[in-house]
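Residue numbers (my numbering), protein chains in the order written: chain A, 1 to 113; chain B, 1001 to 1113.
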């Protein structure tokens, strides 16, 4: 079955710097890769996602890149701000199981002022 | 407003006393899921349902039951709660209308003494 590994488990960056979180997946049939953000005490919420027919997707300060050959995808946050502090989860889903997500273990992102 | 609701939000109970956590969504989603979240362990799936009357075990189903008699509701049942089921529980739903984005409920914090 699919396995998703996420690194690092904790990431501390200076405010204004960039942050990168990486995930690898094992099932080459996976075709949907979302990223969720969970602020302290809140529920996880989708912030960006990418499908396997696209190599990169951007939304303002956040972007996701996908390397199908290497089976890894990354979340990039530029010009980090205090409100970016949260736990970020990556996930993967395959074409014949569109609703079922396999989750990474999460990355706690700390933005230092 | 499109949403997933859970009740109760907080619950303190004693070992062995049966309880039910309700989950309801108003988005006509086919897929619903229950997760538990413990410190350092990310989101672990308990049970999921692809549609009415269809349920499947997730990664940690022991000690839990679910049912899906109506599309909108997916209750989580703990027949005989134990202290190791103390956790934060999230219900989530997804469907074609949401392009497979999983919408999470606000969470239920359960303490079993």
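For each residue, glycine too, the CB sits at the ideal point set by N, CA and C.
Within 9 Å, strictly: CB atoms of residue i and residue j
i	j	result
residue 31(A)	residue 53(A)	yes
residue 1013(B)	residue 1108(B)	no
residue 1047(B)	residue 99(A)	no
Partner residues on chain A for residue i, Cβ-Cβ distance less than 7 Å
i	result
residue 1031(B)	99
residue 1094(B)	99
residue 1090(B)	43
Given residue i as reference, the closest of the options once Cα atoms are compared
i	options	result
residue 1072(B)	1039(B), 1101(B), 1041(B), 1022(B)	1022(B)
residue 1088(B)	1025(B), 1034(B), 1018(B), 1015(B)	1034(B)
residue 76(A)	107(A), 62(A), 68(A)	62(A)
residue 13(A)	59(A), 82(A), 7(A), 49(A)	82(A)
residue 105(A)	1104(B), 1041(B), 1058(B), 1105(B)	1041(B)
residue 1019(B)	1050(B), 1064(B), 1100(B), 1044(B)	1064(B)
residue 78(A)	7(A), 8(A), 20(A), 1(A)	20(A)
residue 1062(B)	1080(B), 1075(B), 1069(B), 1017(B)	1080(B)
Chain A contact residues for residue i, given Cβ-Cβ distances below 9 Å
i	result
residue 1102(B)	34, 36, 44, 46, 91, 99, 101
residue 1048(B)	99, 100
Near the ligand ATP: residue i beta-carbon under 8 Å from a heavy atom
i	result
residue 1(A)	No copy of the ligand ATP appears in this structure; indeed no ligand is present at all.
Residue i: contacting residues in chain B (beta-carbon distance under 8 Å)
i	result
residue 106(A)	1042, 1043
Which of helix, strand or coil DSSP assigns to residue i
i	result
residue 1008(B)	coil
Chain-ordered neighbours of residue i on chain A, where CB pairs are closer than 8 Å
i	result
residue 1105(B)	43
Segment contact, 8 Å Cβ cut-off, at least three pairs: the region 1003 to 1015 of chain B with the region 12 to 32 of chain A = no
Would you say the region 1021 to 1033 of chain B touches the region 1091 to 1101 of chain B, given that touching needs at least three Cβ pairs under 8 Å?
-> yes
Does the region 78 to 88 of chain A come within contact of the region 34 to 48 of chain A, defined as at least 3 CB pairs closer than 8 Å?
-> yes
Segment contact, 8 Å Cβ cut-off, at least three pairs: the region 53 to 62 of chain A with the region 1051 to 1066 of chain B = no
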